[in-house]
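Chains as they are written, first to last, in my numbering: chain A, 591 to 1242; chain B, 15 to 343.
As structure tokens, the structure follows; a few thoughts come after it.
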Amino acid sequence: MIPFKKSLAFKIASLTLLGTAGVFIAVFYYNYALSRQTVLKTVEENTRYLTLATVHKIENTLLGIEKVPRFLAASLENQLYTRNTLLQSIENVLHTNPEIYGTMVAFEPFFFDPDIRYYGPYIYRDNGALRSTGEETAFNYCFWDWYLMPKELGRPVWSDPYFDTGGGNIVMTTFSIPFYRKVHDEKIFSGVVTADLSLSWLEEIVSRISIYRSGYAFLISQSGVFVSHPNKNLIMNESVFSIAEATGDSALRNIGRNMILGKEGFVPLNRNLTGKVSRMYYAPLQSSGWSLGIVVPEDELLADLHTLILKLVLIGVIGFTLLFLVIISISGKMTRPISTLADKTLEIAKGNLDVELPVSKSNDEIADLTTSFENMRSALKEYIIDLKETTAIKERIESELRIAHTIQMSFLPKHFPPFPEKQEFDIYATLIPAKEVGGDLYDFFLLDDRHLFFSIGDVSGKGVPAALFMAVSKTLMKGIASENIPPSSILERTNQELCVDNDTMMFCTVFCGILNFMTGELAYANAGHNPPLIIESSGSKPRWLNVTPEIMLGVMEDAVYSTQVTIMKPGDSLILYTDGVTEAMDHENKLYSNDRLIRTLQTEKSDCAQEIVENILLSVREFVGTVAQSDDITVLSLTFTGRPHPKTPRIG
Amino acid sequence: MKSFMFISILKAGFLLVCILRFPAFCEDLQTVTFLPQWTHQAQFAGYYVAVQKGFYQKRGIDLRMLPGGPDSPPADMLIRRKTDFTTLFLSDAIMLRSKGVDLVNVAQIGQKSGFILVARKSSHIFSPKDLNGKRISLWSDFQIQPQAFFRLHQIQVTTVPQTYTINLFLQGGVDAACAMWYNEYHTLLNSGVNADELTTFFFDQYGLNFPEDGVYCMREMLNKNDRTCRNFVDASLEGWRYAFDHPNEAIDIVMIYVQEAHIGTNRVHQQWMLDRIRDISLINGSSDSMGILSKDDYQTVAQEVKAGGMIDNIPNFNEFYAPCLDDSL
Chain A
591 MIPFKKSLAF KIASLTLLGT AGVFIAVFYY NYALSRQTVL KTVEENTRYL TLATVHKIEN
651 TLLGIEKVPR FLAASLENQL YTRNTLLQSI ENVLHTNPEI YGTMVAFEPF FFDPDIRYYG
711 PYIYRDNGAL RSTGEETAFN YCFWDWYLMP KELGRPVWSD PYFDTGGGNI VMTTFSIPFY
771 RKVHDEKIFS GVVTADLSLS WLEEIVSRIS IYRSGYAFLI SQSGVFVSHP NKNLIMNESV
831 FSIAEATGDS ALRNIGRNMI LGKEGFVPLN RNLTGKVSRM YYAPLQSSGW SLGIVVPEDE
891 LLADLHTLIL KLVLIGVIGF TLLFLVIISI SGKMTRPIST LADKTLEIAK GNLDVELPVS
951 KSNDEIADLT TSFENMRSAL KEYIIDLKET TAIKERIESE LRIAHTIQMS FLPKHFPPFP
1011 EKQEFDIYAT LIPAKEVGGD LYDFFLLDDR HLFFSIGDVS GKGVPAALFM AVSKTLMKGI
1071 ASENIPPSSI LERTNQELCV DNDTMMFCTV FCGILNFMTG ELAYANAGHN PPLIIESSGS
1131 KPRWLNVTPE IMLGVMEDAV YSTQVTIMKP GDSLILYTDG VTEAMDHENK LYSNDRLIRT
1191 LQTEKSDCAQ EIVENILLSV REFVGTVAQS DDITVLSLTF TGRPHPKTPR IG
Chain B
15 MKSFMFISIL KAGFLLVCIL RFPAFCEDLQ TVTFLPQWTH QAQFAGYYVA VQKGFYQKRG
75 IDLRMLPGGP DSPPADMLIR RKTDFTTLFL SDAIMLRSKG VDLVNVAQIG QKSGFILVAR
135 KSSHIFSPKD LNGKRISLWS DFQIQPQAFF RLHQIQVTTV PQTYTINLFL QGGVDAACAM
195 WYNEYHTLLN SGVNADELTT FFFDQYGLNF PEDGVYCMRE MLNKNDRTCR NFVDASLEGW
255 RYAFDHPNEA IDIVMIYVQE AHIGTNRVHQ QWMLDRIRDI SLINGSSDSM GILSKDDYQT
315 VAQEVKAGGM IDNIPNFNEF YAPCLDDSL
């Protein structure tokens, strides 16, 4: 199984799903917003239609009821009624209009009869029968709204709903219309005709309204008081404004103001009025100034939409899960060869180049990758085989070189002190080849009881050819020197031998000398080699040995060399070196230089040849630091002590 | 029905306590009747609270709360001995006393006038002078303050009788109307009129501070039952203090009474009323002067009533005011 986390399959699946989900959510939200808008639009249409239809229905009833007292009021303006005819008319009103609960004709004080202050016959229903409160009354009706308001406003008025305390605690409203009489051509307010109306029919109409599952209607009076509402406790007690005040809801107060101002609209409601977030359509009842509102809880309006949304979400979740699994499976199948390949290459990386790479049947990028890996594997294998062979050859050469080095070193005298019985001089030399074998050479041996031959040389080039040329030069010189001839002749003859068939055009510089260690007489010749230095026992500054620079060995067959002679005083030291010393380079590519060599020797206190050599080598090592040695380094030091007696310390 | 039961349970509980601990009280419970001068509302919260909290009973009084309203004019009821105690506006009481009705003020609850004139800014009324020539509805019984106000500002107005509601004003039938700050003013707000659409004239700010609600009984009652009067006043003031200290509980009690009487009202309105009654009953928020009638206030009111031609001479303050306050106060 593919490891779940971080696997390519998982990444592909996640990213694909993320993208798809983004698109899905965007489409989903747009769809929801649009659907919601459409639903609300439909709801507005429905509630508007229902509200206006209900308003129309109520208005029709109210207008029908208004007609009766209007007619009576009109009659009162034109006809003179006796007590009997008036009572009869009122009774007729009640007989023919079962929805009217009671009717009163109230006259201005002393108007109907100058002897009667308050004449106001009131006939009402009581258990199916008509009853009268009597025509004359001590009851001063002049200060009641139903009387005063039509009088003062000069128009009919629907009263605010009220509890009728006499009529069995039903909510009533009264329509009152003023009537006037002409007295001396002057229209004088004479009284009011009223019709009391139980609001139970209105409540019935309003409460019958049902829209959606729990939508309902309510009615408020001109002052915002609930006239009809499913919650009976609100009726007559609370108003839209009292609820707005109690809940601190200024939006509701504004809605209420619009309602009692006779406006019409579709508004959102919060929980304060209805307990649920709702939508309301409201419209006025023009005759009474009341307002009808139809409320539908929003969750209900959007219930279907929300169910749909829920289903969509569910489908989405299931779909996405399936999609996820499919993608995981497909990409798993696709990436399996890659992981197999990864395993195999890991083995290759561990060094197993015989691993069988899987054979890809398909013709895709993975197959290409497998082929490439296969090519790489076989190329690697071949390369490693080659490398093994090469390494073996190299090892053999190196081994031969090591042997060559040993042989070369064995050419050189390296037992010190070389002549322990000779106290007249002290000689010491070291050769450090840059490679296994080098082109530098040094040599010394006794010619007889009083003469020491010594030489130093440097073959052009490095490595095996130089080493061989060096071996030849040294051997030739040793053979020639033992014939007891001056140094110039040694060089001339050696040169002649070297120039014979010198096809490689190699050459070498040599300085050689013969010291009569009985007298300190030093004869020497130089074939292009660096001039040696002398440290004198007098303690003066080291100085260059006076040498005539002549041509190197192996260049010109008939080259002539000259022998120069000097006298070494007891305690004098001669320092011979190759250019590996003066041309040693530090990390800044600066040369060790002749000057530095002189400075080093200037501080030399000892006349011990070994110490002098080792101090020079130490100085060179300190100068070059970690920079690899590029040329052979050879130093030879010869101190003439003079007599076989204890060493005299050098004056310094 | 529920509230009846609630009251019954309270009473039963209290009686039980009485029987167990104060047998003497229970045997001597004296029936006393009290008529608030208007229908049940928070204007009388202190009395309802005193009943419900047993403040009367613990002083040996079985208080019968009579239903007030337009059908029970308090002065009438008092003169006809239909009630032992009632509440009256100070100006009304002075007029009655001047006419020879032998009533006495046993405690003055209201210390400031709650009476205001309210006008619509849409009628361009912003200052008293703007009222000139306008139609103003006045309560027939409470004309002294507005008339004095009009005299003071030399205003001529057309007056229209004002009913028990503020509807005529709401319907635009008049430009200004009388209102009690604690009642009709809030009714206007609660009918969708915004406070910033109204101009109000508080009479007490125009030198016409008429303290209003006081507790009254006939002098014979005081003479015969001095102890009862003291107990009644004492319990009533305790009720008021309790109501002001526990407004929510007081409103709960008020709502029991208004619902029983089928009075169309609501909690926010009664809350407003109790808060404003507190404002006009407590001087600087302190109940120290509760029940006291200041002689200066009495003189102010009496002189205005006289100036209004309602009385010929001012009744003697000491005869009018017989405080039945606890000596310890």
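All C-beta atoms in this analysis are idealised placements derived from N, C-alpha and C, irrespective of residue type, glycine included.
Neighbourhood of residue i by C-beta, 6 Å cutoff - its chain only, sequence neighbours within 5 removed
i, result
"A:K971", "L943"
"A:L1226", "A1019, Y1032, I1046 and L1166"
"A:T864", "V885"
"B:I267", "Y62, V63 and Q66"
"B:P337", "none"
Check whether residue i and residue j have beta carbons under 8 Å apart
i, j, result
"A:V1027", "A:G1051", "no"
"A:V645", "A:L792", "no"
"A:N1085", "A:G1161", "no"
"A:F1006", "A:G1103", "no"
"B:Q51", "B:L102", "yes"
"A:G814", "A:I850", "yes"
"A:S921", "A:I602", "yes"
"B:I169", "B:K143", "yes"
"A:L1181", "A:P1122", "no"
"B:A249", "B:R73", "yes"
"B:T214", "B:F140", "no"
"B:K120", "B:L236", "Per the sequence shown, the amino acid found at residue 120 of chain B is Val instead of Lys. Taking 8 Å as the Cβ cut-off, B:V120 and B:L236 qualify as a contacting pair."
"B:I130", "B:V115", "no"
"A:E854", "A:A873", "yes"
Best match in the options for proximity to residue i [C-alpha to C-alpha]
i, options, result
"A:K1159", "A:L1181, A:A1174 and A:M1108", "A:M1108"
"A:I760", "A:I1141, A:I767 and A:Y752", "A:Y752"
"B:I294", "B:T314, B:N280, B:Q285 and B:K126", "B:K126"
"B:G123", "B:S301, B:L80, B:M324 and B:V174", "Gly is not the amino acid found at residue 123 of chain B; the sequence shown has Ile there. The residue with the shortest Cα to Cα distance from B:I123 is B:S301."
"B:F164", "B:S154, B:D155 and B:I150", "B:I150"
"B:G299", "B:R244, B:C243 and B:F258", "B:F258"
"A:G609", "A:N682, A:R861 and A:F914", "A:F914"
"A:L1105", "A:N1205, A:K741 and A:F1034", "A:F1034"
"A:V783", "A:E698, A:S790, A:I706 and A:I918", "A:E698"
"A:T1224", "A:F1230, A:L1208 and A:T1231", "A:L1208"
"A:T672", "A:Q1192, A:V1090, A:E725 and A:E635", "A:E725"
"A:P740", "A:F701, A:T911 and A:G781", "A:G781"
Own chain residues within Cβ distance below 7 Å of residue i, not counting five before or after
i, result
"A:F594", "With a pLDDT of only 46 at A:F594, under the threshold of 50, the placement of this residue in the model should not be trusted; the figure read from the coordinates follows. Counting only Cβ-Cβ distances below 7 Å, and skipping sequence neighbours, we find F600."
"A:M1150", "According to the sequence as given, residue 1150 of chain A is Val; it is not Met. So the list reads E1082, once near-sequence residues are dropped."
"B:A64", "Y70, A249, S250, E252 and G253"
"A:A1202", "The sequence shown places Ile at residue 1202 of chain A, rather than the Ala named in the question. Hits under 7 Å: S1163, I1165, E1194, S1196 and S1227."
"B:P84", "Y178"
"A:V1217", "M1175, D1176 and H1177"
"B:R111", "L117, P329 and F334"
"A:N823", "none"
"A:W1134", "P1121 and L1123"
"B:F28", "Any answer about B:F28 is weak, because its pLDDT of 46 lies below 50 and its placement is not dependable; what the coordinates show is given next. Same-chain partners within the cutoff: G68 and Q71."
Contact belief for residue i with residue j at Cβ below 8 Å, rounded distance in angstroms
i, j, result
"A:Y806", "A:T641", "A:Y806 to A:T641, Cβ: 12 Å. No contact."
"A:D1039", "A:D1169", "With 8 Å as the limit, A:D1039 and A:D1169 do not qualify as a contact, their Cβ atoms being about 35 Å apart."
"A:Q998", "A:A1061", "7 Å"
"B:K67", "B:Y256", "6 Å"
"B:V229", "B:V247", "6 Å"
Other residues of its chain near residue i: CB distance less than 8 Å, five sequence neighbours each side excluded
i, result
"A:I928", "L598, I956 and L959"
"A:A994", "E1026, V1027, V1054 and A1057"
"A:R861", "V867"
"A:A1115", "P1076, P1077, S1078, I1080, L1081, F1101, C1102, G1103, E1140, Y1151, S1152, T1153 and Q1154"
"B:D189", "A133, R134, S137, I139, L145, K148, R149 and I150"
"B:F331", "K309, Y312 and Q313"
Amino acids of chain E, ordered along the chain, whose beta-carbon sits closer than 8 Å to that of residue i
i, result
"B:P175", "The question asks about chain E, but that chain is absent: this structure's protein chains are A and B."
Problem set entry | Residue ranges of each alpha helix (DSSP H) within the region 1072-1110 of chain A, 4 or longer | For the region 1072-1110 of chain A, whole alpha helix (DSSP H) runs of length 4 or above, ordered along the chain, are 1077-1089.
For this session: For the region 811-868 of chain A, list the beta strand (DSSP E) runs that are entirely contained and at least 3 residues long, ordered along the chain.
Result: If we require 3 residues or more, the beta strand (DSSP E) runs fully inside the region 811-868 of chain A come out as 816-818 and 855-859.
Problem set entry | Uninterrupted beta strand (DSSP E) stretches inside the region 682-717 of chain A (no shorter than 3 residues) | 690-697 and 712-716
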